[in-house]
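J.: Sharing a structure below in structure tokens format, with a few things to ask.
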């Protein structure tokens, strides 16, 4: 009866409308994206080095533009003029390497975070003809061969090949693929989620071979969750009886997929397995053919993820030679694979081996050619290597200034030059010849400004400055946004930002809502428009209009300050992070305008986990907290992420035992838990098991479950309902 009463209280909580000033922000409009800043998406640099293509905002055309002045040059595709197939709009496109053909993406259906199925059409740009890539069902992760005459794709866990010169003839390469058993050419759930990829196959340079990673997940434990009818969208097949979704999900310490690398000789039609000397539980995060058709680069990680090895495999002989081994303290960052890039006879890799993420250039034998970035500059994104003059282009932040990111160039002599003109957050997309780039700049007060620049950083054209959004926000009674730094009782300097209500009165005592994520390598305290739980600190502004001060602090374990600061939480997730949020609350309580008895905290995912840890840390500083989709026991989370930071439960039982469930009896303050019942990432089970621990400990709480919703908790009015519930909870318990 106690559980039922708690559940009903949560439902009633979110049904109460939030009252706000007529001149202020509307939460429903915020959740609907009506205050979203405009971005230019889908930019694809073209071979001429002078142009880029992108999908039009209405998804009906693919248009080319000049990198020099932003002028429209040509329309490559238009649904109105495409022949043979009638389409209303398209979801995306893939350009062939010779830019004579495109794959047009339609009928997209998401699977997990990165993966989706779609119906693709082959489009001949010159003839404007459109034809199905396959008549046998939707496809996944298609890719052109280097000459543009072949397309590989995955369907039903098997790899297929389409020969465009032979009337789009389709052949099946693998036949052992089967759901929840064997996957060819696309990653299993955990490799997709934690290594950030949706394709695991590649063509060699002379178009004679295709290589892929094979995942045998037959021995991986199965996880399932219920499907209900629901709505937005409704699942009519479950109108009478619920169904279940089952998939392979390896939890910490359990069996992973067995991985191998296979190749297919397209002419001889022979499949071979590479002779990789792997430990049984190793990972293969990436494979990539080099410009040498006989050299396939295979990147492997041991299960502890502290040793990255690179092999060169011969796709025909199957022999593999280790060319590089990078041993890193504690663990290899997943960003290594995001920044991986190949060039003729060389490749670029990042590493934290010296304590900071830097760029390294190697030849195909694994010999170091040069270290492109040194010192206390932390590389975030690698944009390209100019083979003509030996320059590297990348974004980075100084280790002593984690809040600001700029675009840089390192020349052939190692001289580093800052290209970004504005201080804040900068990112770039470079032309193929590295002559131009598109820069996206913002800061905490300035929505995204997109400009075209030459290689020296000179602005050539402003494409979007979001002045319409600036005008819309003007007069919305927004409060002040400011950064601050304080020193904890342990002598640790932490960075934060604060949003104060408009008309702030330093003589008043305000309640405070703290937002944080706190996960390893993450950053929330950035001088960027993306700052805040909704971007632009707009939800924080909304709370400020309800009379709160909003604060966010990046504690120990977060990124941008070097490996030592980031990895200090190793084997003990939630301990130092919680201490730092408690120290933040204690610091805020010393400010003359803060009511130290009315401080709340909330977060999503890892931020939800750390909310619970902070409220159970032992010092009762929080009046209320909200945990959205929180992991509550690391034994329930996946192998790759959890073991990267915690090793296995067998190796680190004490670290795994110190979590929200075991600390439930120490919880203080009012608590609201929110979670989607169809969360494939952080399972709903986490919240249910934690709720049971609270019940047995006699701790009251409220809970908002979201039917059929995944980790993002969206669909119909769901996001508005969620944020309304969070807002009302803080108003009722802290105002």
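Residue numbers (mature numbering (1 follows the signal peptide of the UniProt record, and there is no 0)): -22 to -1, 1 to 713.
Here a beta-carbon is modelled for each residue, glycine too, at the ideal position from N, C-alpha and C.
Nearest-angstrom Cα distance between residue 187 and residue 325?
T.: If you take the alpha carbons of residue 187 and residue 325, they lie about 21 Å apart.
J.: What residues are listed by DSSP as bridge partners for residue 652?
T.: Answer is 606 and 682, bridged to residue 652.
J.: Counting Cβ pairs, one atom from each stretch, are 3 or more of them under 8 Å apart for the segment 655 to 662 and the segment 684 to 704?
T.: Taking 8 Å as the limit for Cβ pairs, the verdict is that the segment 684 to 704 does touch the segment 655 to 662.
J.: If you count every other CB in all the chains shown that lies within 10 Å of the CB of residue 463, and 16 or more means buried, which is it?
T.: Per the 10 Å Cβ criterion, exposed.
J.: Distance, Cα to Cα, residue -7 vs residue 648?
T.: At residue -7, the pLDDT of 44 sits below 50, so the modelled position is not reliable and the matter cannot be decided from this model.
J.: Indicate the three-state DSSP secondary structure (helix, strand or coil) for residue 706 in the structure shown.
T.: It is helical.
J.: Rounded to the nearest angstrom, how far is the Cβ of residue 477 from that of residue 528, given a contact under 8 Å?
T.: Yes, they are in contact, since the Cβ atoms of residue 477 and residue 528 sit about 4 Å apart, within 8 Å.
J.: Using the Cα positions of residue 38 and residue 58, report the straight-line distance between them to the nearest angstrom.
T.: Those two C-alpha atoms are separated by around 8 Å.
J.: What did DSSP end up calling residue 646 once you bin it into helix, strand or coil?
T.: Of the three classes helix, strand and coil, the one that applies to residue 646 here is coil, per DSSP.
J.: Helix, strand or coil: which one does DSSP assign to residue 296?
T.: Residue 296: coil per DSSP, three-state reduction.
J.: Specify, as a first and last residue, the run of the alpha helix (DSSP H) that residue 617 falls within.
T.: From DSSP, the alpha helix (DSSP H) with residue 617 extends over 617 to 624.
J.: Please go through the same chain and pick out, in chain order, the residues whose beta-carbon is closer than 7 Å to the beta-carbon of residue 573, but skip the five residues on each side of it.
T.: So the list reads 487, 488 and 489, once near-sequence residues are dropped.
J.: CB-CB under 6 Å to residue 531, same chain, minus the five flanking residues each way: which ones, in chain order?
T.: Excluding residues within five positions, the ones whose Cβ falls inside 6 Å are 472, 474 and 562.
J.: According to DSSP, what are the bridge partners of residue 384?
T.: Note: residue 384 sits in a beta bridge opposite 374.
J.: Are the CB atoms of residue 100 and residue 146 within a distance shorter than 8 Å?
T.: Cβ distance < 8 Å, so residue 146 and residue 100 count as in contact.
J.: In angstroms with no decimal places, state the Cα-to-Cα distance between residue 591 and residue 95.
T.: Cα-Cα distance, rounded: 38 Å.
J.: What does a CB cutoff of less than 7 Å around residue 512 pick up in its chain, not counting 5 residues either side in sequence?
T.: Taken in chain order, the residues that qualify are 8.
J.: Secondary structure at residue 492, three-state DSSP: helix, strand or coil?
T.: Correct three-state label for residue 492: strand.
J.: Could you tell me the alpha carbon to alpha carbon distance between residue 276 and residue 92, rounded to whole angstroms?
T.: About 22 Å.
J.: Output the distance between the C-alpha atoms of residue 668 and residue 589, rounded to the nearest integer angstrom.
T.: Going from the Cα of residue 668 to the Cα of residue 589 covers about 13 Å.
J.: What residue range does the beta strand (DSSP E) around residue 70 cover?
T.: Residues 70 to 73.
J.: Return helix, strand or coil for residue 423, following the three-state DSSP convention.
T.: The answer is coil: DSSP assigns residue 423 none of H, G, I, E or B.
J.: If you draw a straight line from the alpha carbon of residue 644 to that of residue 514, how long is it in whole angstroms?
T.: Taking the straight line from one Cα to the other gives about 35 Å.
J.: Rounded to the nearest angstrom, how far is the Cβ of residue 135 from that of residue 155, given a contact under 8 Å?
T.: Confirmed, about 3 Å.
J.: According to DSSP, which residues form a beta bridge with residue 460?
T.: Its beta-bridge partners are 476.
J.: In its own chain, which residues sit with a C-beta less than 6 Å from the C-beta of residue 120, not counting the 5 before and 5 after it?
T.: Contacts found: 81, 98, 129 and 131.
J.: Within this structure, are the beta carbons of residue 181 and residue 260 separated by less than 8 Å?
T.: No, these two residues do not count as a Cβ contact at 8 Å.
J.: With a 10 Å radius around its C-beta and 16 neighbouring C-beta atoms as the bar for buried, classify residue 403 as buried or exposed.
T.: It is buried - the Cβ of residue 403 has at least 16 other Cβ atoms within 10 Å.
J.: Could you check where the beta strand (DSSP E) with residue 44 kicks off and where it finishes?
T.: It spans 39 to 44 - the beta strand (DSSP E) in which residue 44 sits, taken as one unbroken run.
J.: Is it right to say residue 388 is buried, meaning 16 or more other beta carbons lie within 10 angstroms of its own, or is it exposed?
T.: By the neighbour-count rule (16 or more Cβ atoms within 10 Å), residue 388 is buried.
J.: Which residue's Cα is closest to the Cα of residue 556: 571, 568, 539 and 586?
T.: Of 571, 568, 539 and 586, the residue nearest in Cα terms is 586.
J.: Can you find the residues in the same chain that come closer than 8 Å, C-beta to C-beta, to residue 646, ignoring five residues on each side of it along the sequence?
T.: The residues are 593, 594, 598 and 600.
J.: In three-state terms, what does DSSP make of residue 29?
T.: Residue state, collapsed to three classes: strand.
J.: So, helix, strand or coil for residue 213, using DSSP?
T.: Reduced to three states, the DSSP call for residue 213 is coil.
J.: Measuring alpha carbon to alpha carbon, tell me which residue in 393, 383 and 425 is nearest residue 405.
T.: Cα-wise, what sits closest to residue 405 is 383.
J.: Could you have a look at residue 396 and say whether DSSP puts it in helix, strand or coil?
T.: Here residue 396 sits in strand by DSSP.
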